[in-house]
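Visitor: Heads up: the sequence lines are chains A, B, C and D, in that order.
Numbered per my numbering, the first sequence spans residues 185 to 346.
Numbered per my numbering, the second sequence spans residues 871 to 951.
Numbered per my numbering, the third sequence spans residues 63 to 357.
Numbered per my numbering, the fourth sequence spans residues 2 to 741.
Where a beta carbon is used, it is the ideal one built from N, C-alpha and C, also for glycine.
Since the structure is predicted, the reported quantities are computational estimates derived from the model, not experimental observations.
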Amino acid sequence: MKRSRTHVTCTVNGDEVDFLASDDTSLLDALRDELGLTGAKEGCGTGDCGACSILVDGRVNCSCLMFAPEAEGSDIVTVEGIAQGDQLHPLQQTFLEGAALQCGICTPGFLVSAKALLDENPDPTETEIRYALAGNLCRCTGYDKIVRSVQEAAVQLRGASR
Amino acid sequence: MPRAHLMSDHRRFTDGEAVIEVEGVTVGAVIAELEQRYPGLGEMLTNGSSAGVDGVIHAEPEYLAIGPDADVYFVAPLTGG
Amino acid sequence: MKGRQMRYAAPATVDEARTLLSDNPGSQVFAGATDLVPQIRAGRPSPSMVVDLKRIDRLTAVIHEGGKWPIGAATPSADLTRNADFTAMFPGLSEAAGLIGSDQIQNRSSLGGNLANASPAADSVPALIANAGQAVIASGDGTRTVPAADIATGPGRTSLADGEFIIEFTLDDPPAGTGDAYLRMIPRTEMDIAIAGAAVRVTIADGTVSDATVALGAVAPTVVVVSDAEAALVGATLDGGRFDDATLDAVAAAASAACDPINDKRGTVAYRRQVAGVLAKRAAIVAAERAQNGA
Amino acid sequence: MTVTEDRPAYKWVGTRPIRHDGYDKVVGKARFAADLNLPGQLHGVFLRSPHGHARIVSIDTSTAEAMPGVKAVVTGDDFPALAAGHPERDTAINLMARGVVLYVGHALAAVAASTRAEAAAAAAAIEVEYDLLPVILSLDESMADGSPLVNEDNRTAFSGSDEPSNLASVTPLERGDVDAAFEAADLVIEREFETSWVHQGYIEPHACVVDVGADGKADIWASSQGHFRVRSQTAAVLDWDTARIKVTPAEIGGGFGGKTTIYLEPVAARLSEKSGRPVKIVMTREEVLRATGPAPGSKARIRIGATSDGELTAIEGWIGYIVGCVNNMAGFIGAMSLASYKFPNLKLEAVGVLTNTPATAAYRAPSAPQAAFAVESVIDEIAQTLGLDPIDLRLKNAVVEGDPTAMGMPHPRIGFVECLEAIRDSDHYGSPVPDGAARGIGTGFWFNIGEQSSATVNLNEDGTATVITGSPDIGGSRASMALMAAEELGIDVHRITPVVADTESVGFTDVTEGSRATFATGMAVVNACRELVDELKARAATIMGVDSEAVDWIDGAAVAEEHDPLPLDAITAKAKGTGGPLTVTASLNAGGAGPSFAVHCCDVAVDEETGQVTVLRYTTAQDAGTAIHPSYVEGQMQGGTAQGIGWALNEEYVYSEDGTMLNASFLDYRVPVASDLPMIETIIVEVPNPAHPYGVRGVGETGIVPPLATIANAVNRATGLRISALPMSPPAILAALNER
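(1) Please go through the same chain and pick out, in chain order, the residues whose beta-carbon is closer than 6 Å to the beta-carbon of C/Lys64, but skip the five residues on each side of it.
(2) Run down chain D in chain order and give the residues with a C-beta less than 8 Å from the C-beta of B/Thr949.
(3) Using a 10 Å radius around the Cβ and a threshold of 16 neighbouring Cβ atoms, would you call D/Ile629 buried or exposed?
(4) Of the residues D/Ile392, D/Glu419, D/Leu389 and D/Glu514, which one's Cα is nearest the Cα of D/Glu402?
(5) For A/Met185 and D/Glu119, I'd like the C-alpha separation in whole angstroms.
(6) Which residues share a DSSP beta bridge with C/Ala314?
(7) Does DSSP put C/Phe305 in a helix, a strand or coil?
(8) Give me the subset of the region 495-524 of chain D whose CB atoms are less than 7 Å from a CB atom of chain F, sorted by chain position.
(9) Strictly under 9 Å for the Cβ-Cβ distance: is D/Val688 near chain B by that measure?
(10) Three-state secondary structure (DSSP) at A/Met185?
(11) Tell me which same chain residues have a C-beta within less than 7 Å of the C-beta of A/Arg189, skipping the five on either side of it?
(12) Does D/Pro241 come out as helix, strand or coil in the three-state DSSP assignment?
(13) If you draw a straight line from the C-alpha of C/Leu300 to the C-alpha of C/Ala317, how long is it?
(14) What are the partner residues of C/Gly216, as DSSP defines its beta bridges?
(15) Could you give the uninterrupted runs of the beta strand (DSSP E) lying entirely in the region 166-223 of chain D, keeping only those of 3 residues or more?
(16) So is A/Arg314 buried or exposed if we call it buried at 16+ other beta carbons inside 10 Å?
(17) Would you check if the region 597-608 of chain D and the region 431-449 of chain D touch, i.e. whether three or more CB-CB distances between them fall below 8 Å?
(18) Considering only residues of the same chain and omitting the five flanking positions on each side of B/Ser878, which have a CB-CB separation below 6 Å?
(19) Give the residues of chain D in contact with B/Tyr943, contact being defined as C-beta atoms less than 7 Å apart.
(20) For the beta strand (DSSP E) containing D/Leu134, list its first residue and its last residue.
(21) Does DSSP put B/Met877 in a helix, a strand or coil?
(22) Ignore the nearest five residues each way along the sequence and tell me which others in D/Val507's own chain have a CB closer than 7 Å to its CB.
(23) Taking A/Cys248 as the query, report the chain D residues whose CB atoms sit under 9 Å from its CB, ordered along the chain.
(24) Taking the alpha-carbon positions, what's the C/Ala357 to C/Ala350 distance?
(25) Are D/Pro568 and D/Ala576 closer than 9 Å when you measure CB to CB?
(26) Within its chain, find whatever has a CB closer than 7 Å to the CB of D/Ala487; leave out the 5 residues flanking it on each side and keep chain order.
(27) Could you please tell me which residues of the region 209-236 of chain A, in chain order, have their CB closer than 8 Å to any CB of chain D?
(28) Check whether chain D comes within 9 Å of C/Asp326, counting only Cβ atoms and requiring the distance to be less than that.
(29) Check whether the region 328-337 of chain D touches the region 160-169 of chain D, taking contact to mean three or more Cβ pairs, one atom from each stretch, closer than 8 Å.
(30) Can you tell me whether DSSP reads B/Tyr933 as helix, strand or coil?
(31) Per DSSP, what kind of secondary structure is D/Thr470 in: helix, strand or coil?
(32) Could you list the residues in the region 163-176 of chain C with a C-beta less than 8 Å from some C-beta on chain A, going in chain order?
(33) Which residue or residues does DSSP assign as beta-bridge partners of C/Arg263?
(34) Beta-carbon separation of D/Leu48 and D/Ala108 under 9 Å?
(35) Step through the CB atoms of chain C and report whether any lies within less than 9 Å of the CB of A/Asp259.
(36) Name the two residues that bound the continuous alpha helix (DSSP H) containing C/Asp114.
Below, the structure is given as structure tokens:
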């Protein structure tokens, strides 16, 4: 059986890229295997853990639930694209300083989801943070330090935008 | 003389005796002596136990040197998560 | 899986979608694919082609005109929850859409998919039915319109014929003094499938309920509209803005009695029955508050 | 918040630097096993049993072998049969069934193909004929007289019997005279308890890449808590020389005990050997839930006697651990976890029982949560019945140094009392219980373990250092190693690079388990550093022209009278001329792991119409000995607590009658999500462990022990219900409320 592959063109982390993928390939697999962007992880493959979270046109999505060709023409941001060059995003910095990661497998997904939240809601309550991150599972931290780090990043981002 | 403290499931070899005085300058020597007196017990202590001496649990304690008045507690080996 | 490779197509118009479906036996439409992708992974019979409806403008539009709300069937749930006008008018349906999984899921999942998937536990369906939603279906070369309540016929089964797909839903502006609410029971606070759900819509005039709809999810093969609970509400008067206990007990009892649930890994028959009553009662309280607050 | 006994002033130990591996993890560069791809790599997929127990009559792989992309197929016949009694025999059988499948999900063949889809299609095309055998799923069925055998291979450990049995082990512990004590007691309470299997739930599925070369040498990249164990188990299962195998630890995406054994590597190795290509295997989440982990389910009966003023006089207990399809140590360990009070009279029996379910694995403080749930529930009921404060009752009876453990050996210095006092004096316990809520208390402990570790410390020419260990870092241990090295050497912690090296680049090191990494591997690091400091003093003496005895090491510099201090980088710069590279390796088998106690306090609200329990506030106090990096100590406490809350409230295995797990997904196996939990307040209690140079006890295990009873006790005070079975899911609570 010959497998035909579709040519997909999109923007990933600010760069225009193209790749070939079978239509039944998930966007997550395409990012990891075709583009070598292994920051997004597969924890479940069913949209229940959020480790594969990416931004698609500014919105957080589980890349494991998307067919690769759906990315055509879209603007995608993965964890690899959150920092500005050497300058970490405030979320990345507060996650480091706040010990918001232990094993680190869920971290890329949390950073992307938290960025989506703060992009839309710069001053979320603790409850809003917890619900916004409910699609991301972490088994190491009990979420405490993640939530606190998002709170701290929100403070910093609000200060920076003032 | 060192005293060997046995867990309950060791005691079926010793007619229920829980504490037994045994000569020996290492845990291994104590086990060998216990095997002499209670055939079968030695294998169980060698393969199924750690030894607690002076409040410290030792895995594979055969060559651990002990004092003349040591209390040697044979305890189940631990693994962790 | 064997010997056949699934293809993906993204038509720009409804007509293109119709053609793709008729030209490709074994094809199927999708919007969010939040259930479809896991099903394909699990090795269940996979479609020959998946037809992505999200690139059809009309199918992702939320419009309010002439007292009606046409809502594209492939509109992500998040577009409904973020739409302030929609949420002000249909707070219960909006909150139901906001309960379909995580933010990640809500950026993909749609009312059309939630309904056409025909899961008895679909969160948006009871509220859609409570608001008398109509479904516009692409059928043959034209369209047909049916009540949303008529789409699902059993778990995983619908009244949609081969080649048919839902284009949009229409809702009428609710009458003045109307409020709706949707509550569901899940073991966690998020990320679960409803064990039971209840949508209630009431219209209140001069302190008396003039109209009511009560629809339950996850307690029967399809959504259950509880006419006995509705009857208990219609004519009920509110004292200090609240229903009396007798009314609420009647609503709860009627809702519990209307259930035809199953035992499964998520809940028992007894639990579903009991909690459906609790949820119906609580949703009625919230709906009445909203009706009186001009929500 | 930290409660600390007097101790030396440290410069680095106890500080909170950014972890060394953190940057890679926040920018997506950290390499986990599934992130690695090798040229020409194939993908391996397992065929797993759809039956709970069956004899394999035949396996026909011919169709699969002819399918597109398929390069190799293996079955049990491709692996050597290990002799009865071989320590890895059960591991080998669990990896690949031989003749009999023991649970739904048991691997019985595997395929390597060019793509994962091709491998999956071929695996599905393998034809197997089964002869079904009885499926045993519960402890009661398994222990019933005349019960069919779960696994004909099993013998009860140390029973002396060679008869097949469904019992894994029987461990009695006894002291004093419980019968007389119960007779004399003013109050005796006896209760029964039950807990479900629970999975470790690490977010990263098991994964490996294995490349077996034409010379027969195997390169393995693995997600494991112990790559030396991957090596030894793989060697044993394949009957290979250890030296053929090199295991490189990838970053590990959580383990919690579940990655202390292997499921993939020998299979990938055989597939690679057969195909001549590297083979990658990544489990699906469904496979993880069906075929790895879980912690044992349990049943317990606990009876405790007390005097009217709250002195606990006797405990009699039986606890059965459902260990799954092969033997393990759960019962042995569980017996020892039952008593953390001064019971003068004690009679305990713990058994391990087999069922046709996945082989259970360690999970954070293995066997202790189940035991503590039972004991702490009864203790709480005694406090209530006697009208005593639950902390006062525990303080009155808590074990201290010298009191016997359940197995008789006296406890070393421990901090149970200090933890109880920390909660008693906490803001949380001192605050009024919120309206509509109730408060629960629970405690727990874990012995912790030592075991073997190695560390190499290299000083570089510019005065920076590399600390190389063999302990996979599952929660921030690299930062702890660097902190201890910084303290010893007197240099900035970020001038130190901590590395977890492969099996050919560092000395043997046991698995990261039992909270041993910071304790035992940390000791190896400290020993290596101390030896290095001696060498640095000798080199400094040469440079300064003084006797080495005249040199002290103070704050990162050699100090001798009448000489300017010679900082470390000045010495390393002259390493070549003073004797060559500065490097030391230390290895040890660490004894003296210190038990860590924890006391938890939580407030819950119960929705009496739906049965839903909401955790409103949670505080944990735990004895860390000394917290090397307090942020990661807190993280261990919080993470363990969250897992315990999941165990208490919603996590369970739901099986069909034929042994199929019905909830094998993260949708229906419900680990707590962020919105389920409050902040988890931490109080680090520091009662230093005298056996460690910095007093470390190890903190990873204990956090999961107290939450089960802590929440159950709070639910009791909210509703009057004494919950005897976990999880306390809404349907279970509502059913109990309906019967109240």
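Guide: The structure says:
(1) Residue placement at C/Lys64 is flagged as unreliable, the pLDDT there being 45, under the threshold of 50; the coordinate-derived value follows with that caveat. Taken in chain order, the list of residues that qualify is empty.
(2) Around B/Thr949, the beta-carbon contacts reaching into chain D at under 8 Å are Thr261, Met330, Ile334, Ala363, Pro367, Ile450, Glu514 and Gly515.
(3) That one is buried.
(4) Residue D/Glu419 is the option with its Cα nearest to D/Glu402.
(5) Caution applies to A/Met185, whose pLDDT of 49 falls short of 50 and renders its modelled position unreliable; the model cannot decide the point.
(6) Answer by DSSP bridge pairing: none, since C/Ala314 is not bridged.
(7) It is coil, neither helix nor strand.
(8) Here chain F cannot be found, since the structure's protein chains are A, B, C and D.
(9) Answer no: the Cβ-Cβ gap between D/Val688 and chain B never drops below 9 Å.
(10) Only weak support exists for where A/Met185 lies, its pLDDT of 49 falling under 50; the value from the coordinates is given anyway. Three-state DSSP puts A/Met185 in coil, outside helix and strand.
(11) Exclusion of the five residues before and after A/Arg189 leaves Leu204, Ala205 and Ser206 as the residues of its chain whose Cβ lies within less than 7 Å of its Cβ.
(12) Checking the displayed sequence, the identity of residue 241 of chain D turns out to be Trp instead of Pro. D/Trp241 sits in coil when the DSSP states are folded into three classes, being neither helix nor strand.
(13) Inter-residue distance for C/Leu300 and C/Ala317 is about 20 Å (C-alpha atoms, whole angstroms).
(14) Note: C/Gly216 sits in a beta bridge opposite C/Arg219.
(15) Taken in chain order, the complete beta strand (DSSP E) segments of 3 residues or longer contained in the region 166-223 of chain D are 168-176, 188-196, 208-213 and 219-223.
(16) A/Arg314 comes out buried.
(17) Counting Cβ pairs under 8 Å, three or more are found: they touch.
(18) Closer than 6 Å at Cβ, skipping near neighbours: no residue.
(19) Residues of chain D passing the Cβ test: Met408, Gly409 and Met410.
(20) It is not in any beta strand (DSSP E) - D/Leu134 carries neither H nor E in the DSSP assignment.
(21) Coil.
(22) Contacts found: Ser455, Thr457, Ile469, Thr470 and Gly471.
(23) Ordered by position in chain D, no residue passes the 9 Å Cβ test against A/Cys248, which lies about 10 Å from the chain.
(24) The predicted model places C/Ala357 with a pLDDT of 47, which falls under 50 and marks its position as unreliable; any figure quoted below should be read in that light. Answer to the nearest angstrom: the Cα atoms are 10 Å apart.
(25) The criterion of a C-beta distance shorter than 9 Å is not satisfied by D/Pro568 and D/Ala576.
(26) So the qualifying residues of the chain are Trp13, Asp493, Val494 and Ile497.
(27) Here the close residues are Arg216, Asp217, Leu221, Thr222, Gly223, Ala224, Lys225, Glu226, Gly227, Cys228, Gly229, Thr230, Asp232, Cys233 and Ala235.
(28) Closer than 9 Å: yes.
(29) In short, these stretches touch, since the Cβ pair count reaches three.
(30) Collapsing the DSSP output to three states places B/Tyr933 in coil.
(31) DSSP places D/Thr470 in strand when its eight states are reduced to three.
(32) Residues passing the 8 Å Cβ filter: Gly163, Ser164, Asp165, Gln166, Ile167, Asn169 and Arg170.
(33) In DSSP, C/Arg263 forms a bridge with C/Asp242 and C/Thr275.
(34) Result yes, Cβ atoms of D/Leu48 and D/Ala108 sit closer than 9 Å.
(35) Not an interface residue.
(36) Not the alpha helix (DSSP H): C/Asp114 falls in the beta strand (DSSP E), residues Met111 to Asp114.
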